[in-house]
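**Q**
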Amino acid sequence: MSDPLFSIIIPTFQSEQTIHSCISSVLDQTFEDFEVIVQDGHSSDRTVEIVNSFGDSRIKLVSEKDLGVYDAMNRALERVTGMWILFLGSDDVLFELSTLEALSGILLQSEADILYGNVIMSGNSHWIEDGAIYRGETDIATLFEQNLSHQAILYRKRIFEDDLRFKLDYPICADYDLNLRCFARYRTTYTPLIISVFATGGMSTRYVDERFEAEKWENILHYFGGNLRKPEFLRHKGIIKKTGKELLKKGKYSAGLSAFFIYLYFKALKILKRQ
133 MSDPLFSIII PTFQSEQTIH SCISSVLDQT FEDFEVIVQD GHSSDRTVEI VNSFGDSRIK
193 LVSEKDLGVY DAMNRALERV TGMWILFLGS DDVLFELSTL EALSGILLQS EADILYGNVI
253 MSGNSHWIED GAIYRGETDI ATLFEQNLSH QAILYRKRIF EDDLRFKLDY PICADYDLNL
313 RCFARYRTTY TPLIISVFAT GGMSTRYVDE RFEAEKWENI LHYFGGNLRK PEFLRHKGII
373 KKTGKELLKK GKYSAGLSAF FIYLYFKALK ILKRQ
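Just so you know, we're using the numbering used here here: the sequence shown kicks off at 133 and counts up by one.
1) From this set, Ile394, Leu159 and Glu148, which residue's C-alpha is nearest serine 176's C-alpha?
2) Less than 6 angstroms between C-beta atoms, sequence neighbours within five positions excluded: which residues of the same chain meet that for serine 328?
3) Between the alpha carbons of methionine 253 and leucine 380, how many angstroms are there, rounded?
4) If you reduce the DSSP assignment to three classes, tell me which class tryptophan 259 lands in.
5) Buried or exposed for glutamine 241, going by 16 or more other Cβ atoms inside 10 Å?
6) Check whether the region 154–161 touches the region 205–224, counting contact only when three or more Cβ pairs, one atom from each stretch, lie closer than 8 angstroms.
7) Assuming leucine 280 and arginine 288 make a contact with CB atoms under 8 angstroms, what is their CB distance in whole Å?
8) How about the region 228–236 and the region 300–309: do they share at least three Cβ pairs that are nearer than 8 angstroms?
9) Spell out the partners DSSP gives threonine 320 in its beta bridges.
10) Taking the straight line between their C-alpha atoms, what separation do you get for glutamine 161 and leucine 239?
11) Check whether the Cβ atoms of tyrosine 318 and isoleucine 285 sit closer than 7 angstroms, and answer yes or no.
12) Spatial neighbours of glutamate 261 within its chain, please: CB distance less than 8 angstroms, with the 5 preceding and 5 following residues excluded, ordered by chain position.
13) Closer than 8 angstroms by C-beta to serine 255: which residues in its own chain qualify, once you throw out the five before and the five after it? Chain order, please.
14) Which stretch, first to last residue, makes up the beta strand (DSSP E) that contains isoleucine 352?
15) Would you list, in sequence order, the uninterrupted alpha helix (DSSP H) runs of no fewer than 4 residues that lie entirely inside the region 206–255?
16) Closest to serine 185 by CA distance: which of Glu164, Lys373, Leu229 and Ile151 is it?
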């Protein structure tokens with residue numbers, strides 16, 4: 133039997149209230165060439181019982197203690213066989229019954245490594261309203277300001293074969309960090325499709341990942357390097373200068389000087405534009 137086109141990874145922990153709807157939204161798809169990998173964090177409620185109740189051979193379940201949602205997703209990545217990987221939260225659902233079928237038509241003709249679309253929000257949050265669509269085509273300069281929803285991103289399996297994983301140092305924003313690395317390294321493309329319904333109220337919509345925020349621009353400088361010398365990144369020259377100063381104070385002279393060279397390039401570019 134050939135490998136499936138899709139691997140749907142669903143990390144769970146105490147998810148008995150939502151996991152049935154989540155898995156049903158996948159199993160009921162009109163396109164059936166997929167596997168579902170449920171990585172459970174050793175739940176003590178009925179999560180495992182509910183997953184097993186489907187009796188579908190396409191579901192692969194492992195229940196074991198983990199270090200959180202990103203550790204669970206890293207563990208699941210070791211077991212995927214599909215060509216394209218989609219991560220769903222246990223309280224999320226695929227948008228329509230034809231979602232995977234629509235995506236398959238795009239992916240089978242695509243040379244990209246990453247395809248992203250949109251999500252529709254379920255529930256109000258301090259930063260977005262119920263029913264809003266998030267977020268449309270996004271350039272990299274805008275990605276530096278706000279993350280995409282990983283429930284709207286499909287990744288080729290091969291990009292994870294180079295040890296690319298979620299960094300557990302970032303308990304809330306490891307997906308943001310992963311996306312920054314991916315957009316720096318790999319070919320990406322956008323589709324206007326709504327891929328999933330994203331349930332607000334999770335940790336990423338309620339808390340701040342302080343370590344990630346503190347290290348974000350240092351990481352961006354590391355991931356993108358000289359590729360930051362493009363006009364579209366001009367609006368970020370202030371934070372690049374600030375990061376360069378902070379790096380020099382930490383004794384990270386090479387990275388700090390690189391940041392200043394990028395900043396000076398932008399200053400020169402701005403002067404030339406005025407002439």
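We put the beta carbon where it would ideally sit given N, CA and C, even for glycine.
**A** According to the structure shown:
1) Taking the first residue of the sequence shown as position 1, residue 176 is located at position 44. Out of Ile394, Leu159 and Glu148, Glu148 has the C-alpha closest to the C-alpha of serine 176.
2) In the sequence shown, counting from the first residue as 1, residue 328 sits at position 196. Closer than 6 angstroms at Cβ, skipping near neighbours: Asp224, Leu226, Phe227, Val251 and Gln283.
3) Within the sequence shown, numbered from 1, the residue matching residue 253 stands at position 121. Within the sequence shown, numbered from 1, the residue matching residue 380 stands at position 248. Their backbone Cα atoms lie some 41 angstroms apart in a straight line.
4) For the purposes of this step, residue 259 is identified with residue 127 of the sequence shown, where counting begins at 1. Residue state, collapsed to three classes: coil.
5) Position 109 of the sequence shown, counted from the first residue, corresponds to residue 241. Exposed.
6) yes
7) Numbered from 1 along the sequence shown, position 148 holds the residue referred to as residue 280. Numbered from 1 along the sequence shown, position 156 holds the residue referred to as residue 288. At roughly 16 angstroms, the Cβ-Cβ gap does not stay under 8 angstroms, so leucine 280 and arginine 288 are not in contact.
8) no
9) As a first step, residue 320 is located in the sequence shown; it is residue number 188 there, counting from the start. Bridge partners of threonine 320: Ile246.
10) Against the sequence shown, residue 161 aligns to sequence position 29. Against the sequence shown, residue 239 aligns to sequence position 107. Going from the Cα of glutamine 161 to the Cα of leucine 239 covers about 16 angstroms.
11) What you label residue 318 is simply residue 186 of the sequence shown in a count that begins at 1. What you label residue 285 is simply residue 153 of the sequence shown in a count that begins at 1. The answer is no: Cβ separation not under 7 angstroms.
12) Translated into the one-based positions of the sequence shown, residue 261 becomes position 129. Answer for glutamate 261: Met253, listed in chain order.
13) Numbered from 1 along the sequence shown, position 123 holds the residue referred to as residue 255. According to the sequence as given, residue 255 is glycine; it is not serine. Correct list, in chain order: Asp262, Ala331, Thr332 and Gly333.
14) Translated into the one-based positions of the sequence shown, residue 352 becomes position 220. Unbroken run through isoleucine 352 is the alpha helix (DSSP H), 342–356; no beta strand (DSSP E).
15) 231–239
16) If you number the sequence shown from 1, residue 185 lands on position 53. Nearest of Glu164, Lys373, Leu229 and Ile151 to serine 185, Cα basis: Ile151.
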